[in-house]
Amino acid sequence: MDQNAAVTTESDAMSIERSCSVTAVAFSQQRISGVRLMSGPRRTFGLNAGHTVVNVPYPALEAGWTRTTLTCGVALQCSPSKNRLYWFRLHELTARQLAALAVVEGGVAAGWVTRNFPGLTRELDRLAPGIEYLDPDLDGEVIVDRALELAKTTADLYPHTILGRITVRPPESDSLAAKFKRGYGRMPWTSSRTDAKRLMSIPVGGDGGVRNSNLPPPSKPENDDVEINPDQRVGVPYPEWNMWNQAFLPNHVAVLERKHPTRNSPLASVSPDIRTWFAEHTHRAIRNGLDDGSDVDVDRYVSHYLDTITGEAGEPKIFRELMPSSRDVSTALLLDGSSSLSSNGGKAFRIELACADALSRAMTLAKERHGIFVFSGNTRHRVEVNCLKDFDDRHFADPSAQGLRAGGYTRLGAPIRHLTKRLLDQPSERRLLIIIGDGLISDEGYEGRYAWADVAHAVSEAEEVAVSVFYIGVGPVRVDPLPEVFGEKRSRRIGHVDDLPEVLAHIHRELVSE
Numbered sequence: 434m435d436q437n438a439a440v441t442t443e444s445d446a447m448s449i450e451r452s453c454s455v456t457a458v459a460f461s462q463q464r465i466s467g468v469r470l471m472s473g474p475r476r477t478f479g480l481n482a483g484h485t486v487v488n489v490p491y492p493a494l495e496a497g498w499t500r501t502t503l504t505c506g507v508a509l510q511c512s513p514s515k516n517r518l519y520w521f522r523l524h525e526l527t528a529r530q531l532a533a534l535a536v537v538e539g540g541v542a543a544g545w546v547t548r549n550f551p552g553l554t555r556e557l558d559r560l561a562p563g564i565e566y567l568d569p570d571l572d573g574e575v576i577v578d579r580a581l582e583l584a585k586t587t588a589d590l591y592p593h594t595i596l597g598r599i600t601v602r603p604p605e606s607d608s609l610a611a612k613f614k615r616g617y618g619r620m621p622w623t624s625s626r627t628d629a630k631r632l633m634s635i636p637v638g639g640d641g642g643v644r645n646s647n648l649p650p651p652s653k654p655e656n657d658d659v660e661i662n663p664d665q666r667v668g669v670p671y672p673e674w675n676m677w678n679q680a681f682l683p684n685h686v687a688v689l690e691r692k693h694p695t696r697n698s699p700l701a702s703v704s705p706d707i708r709t710w711f712a713e714h715t716h717r718a719i720r721n722g723l724d725d726g727s728d729v730d731v732d733r734y735v736s737h738y739l740d741t742i743t744g745e746a747g748e749p750k751i752f753r754e755l756m757p758s759s760r761d762v763s764t765a766l767l768l769d770g771s772s773s774l775s776s777n778g779g780k781a782f783r784i785e786l787a788c789a790d791a792l793s794r795a796m797t798l799a800k801e802r803h804g805i806f807v808f809s810g811n812t813r814h815r816v817e818v819n820c821l822k823d824f825d826d827r828h829f830a831d832p833s834a835q836g837l838r839a840g841g842y843t844r845l846g847a848p849i850r851h852l853t854k855r856l857l858d859q860p861s862e863r864r865l866l867i868i869i870g871d872g873l874i875s876d877e878g879y880e881g882r883y884a885w886a887d888v889a890h891a892v893s894e895a896e897e898v899a900v901s902v903f904y905i906g907v908g909p910v911r912v913d914p915l916p917e918v919f920g921e922k923r924s925r926r927i928g929h930v931d932d933l934p935e936v937l938a939h940i941h942r943e944l945v946s947e
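So the sequence shown is numbered by the working numbering: it starts at 434 and just counts up by one.
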């Protein structure tokens with residue numbers, strides 16, 4: 434990416450995230466593991482609660498921001514001065530004291546940047562005119578003391594935008610209250626609303642409104658780094674299709690991709706009826722010199738005719754045919770991890786995991802380039818996509834052995850758009866997205882025909898860029914949206930893993946017919 438190119442809302446969000454991640458890891462000497470994009474009106478530079486990830490605002494906060502601007506912002510967050518404040522009880526400070534702390538610590542971070550990366554000094558002077566470059570080795574207590582003294586003055590405290598926001602760790606939560614919230618097993622809406630039951634409605638809690646029998650796993654500090662709210666959202670922003678006015682809602686949904694820690698498991702065998710479909714050729718090439726075929730090879734025909742005249746003619750192999758020759762496919766397997774799959778004792782979730790295991794083993798044995806992802810959501814402000822296996826990973830991942838639990842809601846359009854972008858980065862001739870779930874699509878403000886229309890539009894967007902999408906529905910449902918949302922050719926509903934070979938045969942026919 435050109436360092437001086439303007440960063441606009443049309444920029445590729447994922448490429449910015451990848452580029453800034455490389456910068457953060459290098460500048461911090463691997464203390465920082467990467468970056469996450471942050472959208473919303475209050476988006477800004479900052480760190481997560483564990484000081485391991487840099488938050489980068491997207492779209493750009495001001496006109497004229499360039500890639501060099503983002504580099505400056507990331508560099509400031511990589512300053513060791515941030516870690517010196519980690520154990521201070523910053524949540525006890527007032528708003529003015531926090532603003533003063535941002536000014537003082539920002540000066541220390543700026544001093545560190547100019548000492549280690551002097552090439553950024555000019556851009557930093559442009560972004561923060563009049564900034565005071567302080568000693569980059571100032572101790573944490575000295576930084577806090579200076580900030581408290583500055584807060585007592587009458588000076589205006591408006592930290593420059595590029596300095597970002599000081600990360601304030603939340604106070605220790607009461608363990609009993611935390612257990613109660615997890616045990617309740619439900620996530621609240623972000624707005625007050627009451628929806629009446631309708632004949633064709635799908636309850637958010639799952640088929641029949643059954644409570645989730647699987648409790649969410651214990652909370653972790655890295656999962657509570659940013660409060661889920663519309664003003665400050667971590668993740669790559671994606672649009673959502675509004676069927677009512679036939680237009681996109683720009684940057685409406687935030688998708689946060691995480692790397693799921695996987696457990697090593699032995700590669701078990703898989704039914705040949707399943708494995709064979711990942712060995713079938715999808716690429717076709719012209720084969721010459723055939724006894725029969727749909728086309729005549731003119732050059733061979735002329736040569737054979739001349740040989741006939743001279744009396745040296747052999748077998749008249751003058752035909753040619755377009756025949757399967759190789760397989761060049763990248764496949765993304767997307768699993769529904771929402772709470773509706775845990776209804777009826779989690780039967781549908783067990784079928785889903787069994788299918789995912791079989792597909793993962795088959796693709797690994799066939800050396801198919803593939804990735805495995807699980808998604809769930811908590812409103813449009815946080816749709817999580819957990820990566821069990823990335824396309825470049827060489828290890829085998831058995832989804833059922835990864836401790837997955839069903840929870841959250843199903844805002845399916847955004848994960849489809851996210852995996853479509855991920856697939857487009859893969860160097861393959863054909864790209865396939867297989868989704869497995871119960872087919873129930875539901876989230877806050879994402880119900881019925883509106884949700885169906887957004888998912889159908891996301892599927893159309895994928896097909897326009899040559900990404901084939903197929904949905905495998907598991908278990909019975911009262912109202913099945915799959916035929917209308919994905920179409921008869923792009924979806925099948927099964928009741929057991931033994932039904933997979935027939936589905937894969939159908940997927941292969943659709944894949945080679947395009």
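Using N, Cα and C, we set each Cβ at its ideal position, and we do this for glycine too.
Quiz item: What does residue 471 pair with, by DSSP beta-bridge criteria?
Solution: 490, 667
Quiz item: Where do the N-terminal and C-terminal ends of the beta strand (DSSP E) with residue 820 fall, by residue?
Solution: 816 to 822
Quiz item: Nearest to residue 681 by alpha carbon, out of 490, 462, 506, 671?
Solution: 671
Quiz item: Are the beta-carbon atoms belonging to residue 864 and residue 856 less than 8 Å from one another?
Solution: yes
Quiz item: Quick one: Cα of residue 469 to Cα of residue 725, how far?
Solution: 58 Å
Quiz item: Among 557, 495, 888, 925, which one has its Cα closest to the Cα of residue 675?
Solution: 888
Quiz prompt | Sequence-distant residues of the same chain with beta carbon closer than 7 Å to residue 457, five excluded per side | solution = 465, 467, 468, 487, 507, 511
Practice problem: Go ahead and pull the three-state DSSP assignment for residue 728. | Solution: strand
Quiz item: Distance, Cα to Cα, residue 834 vs residue 762?
Solution: 26 Å
Quiz prompt | Cβ neighbour criterion (16 or more within 10 Å) applied to residue 678 | solution = exposed
Exercise. Have a look at residue 851 and residue 450 and give me their C-alpha separation to the nearest angstrom.
Key: 13 Å
Quiz item: Counting along the chain, where does the alpha helix (DSSP H) carrying residue 919 start and finish?
Solution: Counting along the chain, residue 919 falls outside any alpha helix (DSSP H), and DSSP gives it neither H nor E.
Practice problem: Look at the Cβ atom of residue 785, then the Cβ atom of residue 768, and state whether they are nearer than 8 Å. | Solution: yes
Quiz item: Helix, strand or coil: how does DSSP classify residue 466 here?
Solution: coil
Quiz item: Excluding five sequence neighbours on each side, which residues of the same chain lie with their C-beta closer than 6 Å to the C-beta of residue 602?
Solution: 482
Quiz item: Based on Cα-Cα distance, which residue from 810, 519, 541 lies nearest to residue 509?
Solution: 541
Quiz item: Which residues in the same chain have their Cβ closer than 7 Å to the Cβ of residue 548, if we skip the five residues on either side of it in sequence?
Solution: 569
Exercise. Leaving aside the five residues before and after residue 593 along the sequence, list all residues of the same chain whose C-beta is less than 6 Å from its C-beta, in chain order.
Key: 561
Quiz prompt | CA nearest to the CA of residue 476, picked from 495, 461, 485, 459 | solution = 495
Practice problem: From the DSSP output, in three-state form, read off residue 516 for me. | Solution: helix
Quiz item: Buried or exposed: residue 395, going by 16 or more other Cβ atoms within 10 Å of its Cβ?
Solution: The shown model of the chain, from 434 to 947, leaves out residue 395, and the question about it has no answer.
Exercise. Please report the residue range of the beta strand (DSSP E) in which residue 767 lies.
Key: 762 to 769
Practice problem: Would you identify the three-state DSSP class for residue 750, choosing helix, strand or coil? | Solution: coil
Quiz prompt | Cβ contact check for the stretch 809 to 825 and the stretch 682 to 696: 3 or more pairs under 8 Å | solution = yes
Quiz prompt | Distance CB(residue 791)-CB(residue 930) smaller than 8 Å | solution = yes
Practice problem: Determine which residues share a DSSP beta bridge with residue 869 and list them. | Solution: 768, 905
Self-check item: Cα-Cα separation, residue 527 to residue 546
Solution: 28 Å
Quiz prompt | Under the three-state DSSP convention, the category residue 638 falls into | solution = Bear in mind that a pLDDT of 41 at residue 638, under 50, signals an unreliable position, so the model cannot answer this.
Exercise. Report the three-state DSSP secondary structure of residue 874 (helix, strand or coil).
Key: coil
Quiz item: With 16 as the cutoff for other CB atoms within 10 Å, does residue 739 come out buried or exposed?
Solution: exposed
Quiz item: Is the beta carbon of residue 669 sitting closer than 8 Å to the one on residue 447?
Solution: yes
Exercise. State buried or exposed for residue 742, treating a residue as buried only when at least 16 other CB atoms are found within 10 Å of its CB.
Key: exposed
Practice problem: For residue 502, count neighbouring Cβ atoms within 10 angstroms of its own Cβ and tell me buried if that reaches 16, exposed if not. | Solution: buried
Quiz prompt | Residue from 484, 917, 493, 530 with nearest C-alpha to residue 517 | solution = 484
Quiz item: Of the residues 774, 796, 730, which one's Cα is nearest the Cα of residue 808?
Solution: 774
Quiz prompt | Simplified DSSP state of residue 545, which is helix, strand or coil | solution = helix
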